[in-house]
Amino acid sequence: METQTNSRLADLYAMMRRIRTFEERVGELFVRGQSAGSMLHLSIGEEAAAVGVGTAMRDGDTFTTHHRGHGVFLARGADPRLMMAEIAGKETGYCSGKGGSMHIADMKLGHLGANAIVGGGIPFVVGAGLAARQKSSDSLSVAFFGDGATGQGILYESMNMAALWRLPVLFVCINNQYGMGTRIDNATADPDLYKRAIPFGLRGASVDGTDVEAVAEIAGKMITDARAGKPGFLVVDCYRFYGHARMDKSPYRDDAEESEGRLRDPVIKARETLISRGEIDGSSLDEMDQNIAAEMDATIDFAADAREPQLDSIFDDVYDPSTPPPESVRGRLARILGQRQ
Amino acid sequence: MGKTTYRDALRQALSDSMTTDPNVVLIGEEVGRYGGAYGVTKGLIDEFGPDRVIDTPISEPSIVGAAVGAAMSGLRPVAELMYVDFIGMTMDQLANQAAKIRYMFGGQIGVPMILRTQGGTGRSAGAQHSQSLEAYVMHTPGLRLAMPATVSDAYHLLRQSMAQPDPVVFIEHKALYATSGELDDQTPVVPWGKAHVPRQGDDLVIVTYSRQLHYAISAADTLAKDGIEATIIDLRTLNPLDIDTIRTHVERCGHAMVVSEGVMTAGVAAELAARISEECFDFLENPVIRIAGEDIPISVSPLLETNSVPTPELIVDAARMMRS
Ligand SMILES: Cc1ncc(C[n+]2csc(CCOP(=O)(O)OP(=O)(O)O)c2C)c(N)n1
Ligand SMILES: [Mg+2]
Numbered sequence: 011m012e013t014q015t016n017s018r019l020a021d022l023y024a025m026m027r028r029i030r031t032f033e034e035r036v037g038e039l040f041v042r043g044q045s046a047g048s049m050l051h052l053s054i055g056e057e058a059a060a061v062g063v064g065t066a067m068r069d070g071d072t073f074t075t076h077h078r079g080h081g082v083f084l085a086r087g088a089d090p091r092l093m094m095a096e097i098a099g100k101e102t103g104y105c106s107g108k109g110g111s112m113h114i115a116d117m118k119l120g121h122l123g124a125n126a127i128v129g130g131g132i133p134f135v136v137g138a139g140l141a142a143r144q145k146s147s148d149s150l151s152v153a154f155f156g157d158g159a160t161g162q163g164i165l166y167e168s169m170n171m172a173a174l175w176r177l178p179v180l181f182v183c184i185n186n187q188y189g190m191g192t193r194i195d196n197a198t199a200d201p202d203l204y205k206r207a208i209p210f211g212l213r214g215a216s217v218d219g220t221d222v223e224a225v226a227e228i229a230g231k232m233i234t235d236a237r238a239g240k241p242g243f244l245v246v247d248c249y250r251f252y253g254h255a256r257m258d259k260s261p262y263r264d265d266a267e268e269s270e271g272r273l274r275d276p277v278i279k280a281r282e283t284l285i286s287r288g289e290i291d292g293s294s295l296d297e298m299d300q301n302i303a304a305e306m307d308a309t310i311d312f313a314a315d316a317r318e319p320q321l322d323s324i325f326d327d328v329y330d331p332s333t334p335p336p337e338s339v340r341g342r343l344a345r346i347l348g349q350r351q
Numbered sequence: 003m004g005k006t007t008y009r010d011a012l013r014q015a016l017s018d019s020m021t022t023d024p025n026v027v028l029i030g031e032e033v034g035r036y037g038g039a040y041g042v043t044k045g046l047i048d049e050f051g052p053d054r055v056i057d058t059p060i061s062e063p064s065i066v067g068a069a070v071g072a073a074m075s076g077l078r079p080v081a082e083l084m085y086v087d088f089i090g091m092t093m094d095q096l097a098n099q100a101a102k103i104r105y106m107f108g109g110q111i112g113v114p115m116i117l118r119t120q121g122g123t124g125r126s127a128g129a130q131h132s133q134s135l136e137a138y139v140m141h142t143p144g145l146r147l148a149m150p151a152t153v154s155d156a157y158h159l160l161r162q163s164m165a166q167p168d169p170v171v172f173i174e175h176k177a178l179y180a181t182s183g184e185l186d187d188q189t190p191v192v193p194w195g196k197a198h199v200p201r202q203g204d205d206l207v208i209v210t211y212s213r214q215l216h217y218a219i220s221a222a223d224t225l226a227k228d229g230i231e232a233t234i235i236d237l238r239t240l241n242p243l244d245i246d247t248i249r250t251h252v253e254r255c256g257h258a259m260v261v262s263e264g265v266m267t268a269g270v271a272a273e274l275a276a277r278i279s280e281e282c283f284d285f286l287e288n289p290v291i292r293i294a295g296e297d298i299p300i301s302v303s304p305l306l307e308t309n310s311v312p313t314p315e316l317i318v319d320a321a322r323m324m325r326s
């Protein structure tokens with residue numbers, strides 16, 4: 011469902027609300043025991059990063075995300091029903107129930123994959139940038155990752171290559187202040203992360219992640235530059251509202267910090283701005299929220315009713331389907347021991 | 003000590019080692035304030051302080067490399083890799099550095115470090131967080147490899163590993179942390195490098211380690227009802243490998259199966275089967291059978307995940323085929 015209004019901010023708000031509501035439903039799926047496992051990482055509080063950058067991209071652009079990537083994927087047009095089915099490990103899901111929340115992808119939408127390895131998807135955008143140039147396409151590739159990935163050497167290798175080769179690439183660091191239980195100031199001596207762009211010759215900027223319009227604006231500029239061969243590194247500052255994954259209750263941070271952090275809410279801020287500017291009234295927003303809630307409720311039923319994968323499918327897609335699949339242990343046993351009986 | 007869990011026994015081993023040896027330090031992601039992704043190091047930072055329980059950025063190659071340098075400089079580091087799946091990122095520091103320093107430098111110095119990590123299926127954690135990669139380690143001369151299956155070994159094998167002069171990769175199983183059992187913290191069941199034989203029968207030897215030990219025991223209970231009596235060998239360490247114990251029992255029984263959660267091709271099971279075939283050829287009445295992980299990645303779907311690795315039913319079926 012696409013909610014289109016005459017207000018750009020209202021459209022951005024609607025997408026952020028869809029993300030938030032979707033992720034609340036992911037939490038419910040887990041509580042119902044219907045998710046595939048508990049390694050579900052919610053991006054609640056980080057919606058402006060996904061929507062602000064996502065809206066500045068266009069069809070044909072590609073991207074990779076980290077393990078907390080539901081929001082980015084939705085912002086780039088994902089079908090929430092297929093996402094929920096994947097998160098439930100169902101055959102109908104985006105990746106046939108093999109990938110789940112942390113390894114979701116859709117090549118048709120340019121999603122080159124979520125990644126459960128911190129930093130794992132970052133270098134793909136260098137390759138995508140090389141390919142775009144080789145094919146004289148004007149498409150761009152965006153790597154979304156967390157502040158934790160700034161600990162990984164692979165990020166700096168990729169930044170260096172992108173700058174050196176003047177690739178159409180944007181690095182987007184979603185700085186939610188935490189990598190699991192480690193606050194950014196315990197993980198680096200200089201938490202001003204955008205500065206890391208400078209020594210590599212990349213454009214660097216940081217932006218307030220509660221302000222979706224500000225994110226969209228700077229992302230738009232940096233993307234224009236990147237398409238012209240001036241890649242960039244954008245830090246979106248926000249706060250991880252909840253635990254690292256579903257089982258984590260964040261005992262390592264105090265309540266005061268948490269309640270203050272949750273005030274940095276991009277969805278609420280957009281809503282208040284819309285009303286104060288008179289772009290849309292509260293009851294229209296409520297109606298929008300209700301429609302979104304209904305859309306997202308339906309994803310849970312969709313996932314619950316979706317088909318379980320077939321057992322034999324474990325051997326599919328290890329290799330190209332035109333080539334033989336690996337032999338099963340049971341098949342091998344039957345061959346070897348069967349013939350001896 | 004009495005009844006405890008695999009997780010608590012590991013923590014006890016770390017705590018006891020740190021108490022007796024001031025050179026022991028823990029270093030890794032979330033080992034301090036968070037208490038370890040699986041809770042193993044919970045509370046140790048309060049007991050020993052942040053200089054000995056060191057939280058790191060998400061920088062696996064440098065965590066392992068720092069442990070190498072610390073070990074060469076007189077500390078006894080216990081580095082933690084949150085998931086064994088990340089071992090590829092650290093493979094240079096592990097395989098080119100830690101494993102080769104004693105040899106390349108003509109025996110001047112050893113690298114007495116431990117890399118604690120965990121692997122295996124059981125949490126719908128998907129293809130990048132569920133692997134069993136012990137073969138990578140076993141394939142690297144210079145590295146020792148320990149894989150505890152029981153609560154007793156969670157404690158004793160870790161204490162024994164801490165006493166080794168060379169680097170030890172210590173791989174726990176994520177599905178075992180909550181398992182409970184008896185721990186006598188004074189007396190290890192067997193010494194370092196020796197296998198344990200928790201069950202003896204005359205019809206078949208099942209050689210295994212880590213979580214598959216429990217599957218093998220459960221399979222052996224089922225097989226006993228059919229009149230098939232299995233000997234079970236828990237290897238505990240894959241390097242050193244206790245081939246003597248394996249040989250003794252295989253020669254007696256004439257039938258051998260190896261069971262491993264890691265993928266079959268070129269895996270630990272392949273090495274074990276080759277050794278048994280070479281060493282016990284004249285005593286074998288059947289080929290040595292490998293029961294191992296399918297040659298595929300692990301899916302997030304619990305249904306697919308469970309069927310990607312050996313199950314007790316698979317072990318039972320294979321044993322019946324061998325003995326029919
Ligand atoms: C290479 C690697 N190391 C460690 C982990 C375990 N881990 C998963 S998420 C995470 C924290 C990541 O923090 P950040 O990059 O800031 O992303 P966030 O979770 O905050 O969105 C860690 C340490 C991993 N998945 N991959
Ligand atoms: Mg973070």
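The listed protein sequences derive, respectively, from chains A and B.
Residue 351 is where the first sequence ends in the numbering used here, and the numbering goes up by one at each step.
Residue 326 is where the second sequence ends in the numbering used here, and the numbering goes up by one at each step.
No residue lacks a Cβ here, since even glycine has one placed at the ideal position from N, Cα and C.
Every value quoted in this text rests on a predicted model; they were computed, and no experiment measured them.
query	result
Is B:ILE219 close to chain A, meaning its C-beta is less than 9 Å from at least one C-beta of that chain?	no
Apart from the five residues just before and just after B:ARG249, which ones in its own chain have a Cβ nearer than 7 Å to its Cβ?	GLU281, CYS282
Kindly indicate the opening and closing residues of the beta strand (DSSP E) around B:PHE50.	No beta strand (DSSP E) holds B:PHE50; the alpha helix (DSSP H) holding it covers 46 to 50.
According to DSSP, simplified to helix, strand and coil, what is A:GLU297?	helix
What residues in its chain sit with their C-beta under 8 Å from that of A:PHE325, if we drop five residues either side in the sequence?	PRO335, PRO336, SER338
Can you name, in chain order, every residue of its own chain whose Cβ lies under 7 Å from the Cβ of B:VAL170, other than the five neighbours on each side?	ILE116, ARG146, ALA148, SER163
Do the region 80 to 98 of chain B and the region 188 to 207 of chain B make contact, defined as three or more Cβ pairs closer than 8 Å?	no
Is there contact between the region 173 to 183 of chain A and the region 233 to 250 of chain A, where contact requires at least three CB pairs shorter than 8 Å?	yes
Among the residues of its own chain, which have a CB less than 6 Å from the CB of A:TYR188, if the five just before and after it don't count?	ARG250
Rounding to the nearest angstrom, what Cα-Cα distance links B:LEU135 and A:LYS231 in this structure?	45 Å
Give a yes or no on whether the C-beta atoms belonging to A:GLY161 and A:PRO319 are separated by under 9 Å.	no
When you compare only the Cα positions, how much space is there between A:PHE32 and A:ARG256?	15 Å
On the criterion of 16 or more Cβ atoms from any shown chain inside 10 Å, does B:GLU82 qualify as buried, or is it exposed?	buried
Looking at chain A, is there any beta carbon in it that lies within less than 9 Å of the beta carbon of B:VAL27?	no
Using a Cβ cut-off of 9 Å (strictly closer), state whether B:MET93 contacts chain A.	no
Less than 9 Å separating the beta-carbons of A:GLY62 and A:VAL277?	no
Is A:TYR204 a contact residue of ligand 4, with contact defined as CB to any heavy atom under 8 Å?	Among the ligands present in this structure, namely ligand 1 and ligand 2, ligand 4 is not found.
For A:LYS205, count the other beta carbons within 10 Å of its own beta carbon; 16 or more makes it buried, fewer makes it exposed. Which is it?	exposed
Ligand 1 and A:GLY129: does any heavy atom of the ligand fall closer than 8 Å to the residue's C-beta?	yes
Could you tell me which chain B residues have their CB closer than 9 Å to the CB of A:THR198, listed as they occur along the chain?	PRO59
Taking 9 Å as the CB-CB limit, is B:GLU32 close to chain A?	yes
What residues from chain A crowd round B:SER262, counting only those whose CB sits closer than 7 Å?	By Cβ distance, chain A contributes nothing, its closest Cβ being about 11 Å from B:SER262, past 7 Å.
Verify whether the separation of the beta carbon atoms of B:GLU296 and B:VAL311 is less than 9 Å.	yes
Are B:MET140 and B:GLU231 closer than 9 Å when you measure CB to CB?	no
When the Cα atoms are used, what is the spatial distance from A:GLY131 to B:HIS251?	48 Å
Note down, one range per segment and in chain order, each beta strand (DSSP E) of at least 3 residues found wholly within the region 91 to 146 of chain B.	116 to 121
Following a CB-centred definition, is B:TYR8 positioned closer than 8 Å to any heavy atom of ligand 1?	no
Are three or more beta carbon pairs between the region 108 to 127 of chain B and the region 36 to 56 of chain A nearer than 8 Å?	yes
Within 9 Å of any Cβ in chain A, is that where the Cβ of B:TYR36 sits?	yes
List the endpoints of the continuous alpha helix (DSSP H) containing A:MET80.	The amino acid occupying residue 80 of chain A in the given sequence is His; Met does not appear at that position. Start and end: 80 to 85.
In the structure shown, what three-state DSSP assignment does B:MET259 receive?	strand
Any chance the region 94 to 103 of chain A sits against the region 261 to 272 of chain A, with 3 or more Cβ pairs inside 8 Å?	no
Kindly indicate which three-state DSSP category A:MET11 falls into: helix, strand or coil?	Low confidence applies here, because A:MET11 scores a pLDDT of 44, under 50, leaving its location unreliable; read the following figure in that light. Looking at A:MET11 - three-state DSSP - the assignment turns out to be coil, as it is neither helix nor strand.
Just to make sure I have the definition right: I need the residues of chain B whose C-beta is within less than 9 Å of the C-beta of A:LEU347. Which are they?	ASN288, PRO289, ILE291, ALA320, MET323, MET324, SER326
Can you give the beta carbon distance from B:VAL302 to B:ALA258, rounded, assuming they're within the 8 Å contact cut?	The pair is not a contact, with the Cβ atoms about 34 Å apart (cut-off 8 Å).
Under the rule that 16 or more other beta-carbon atoms within 10 Å means buried, what is B:GLU49, buried or exposed?	exposed
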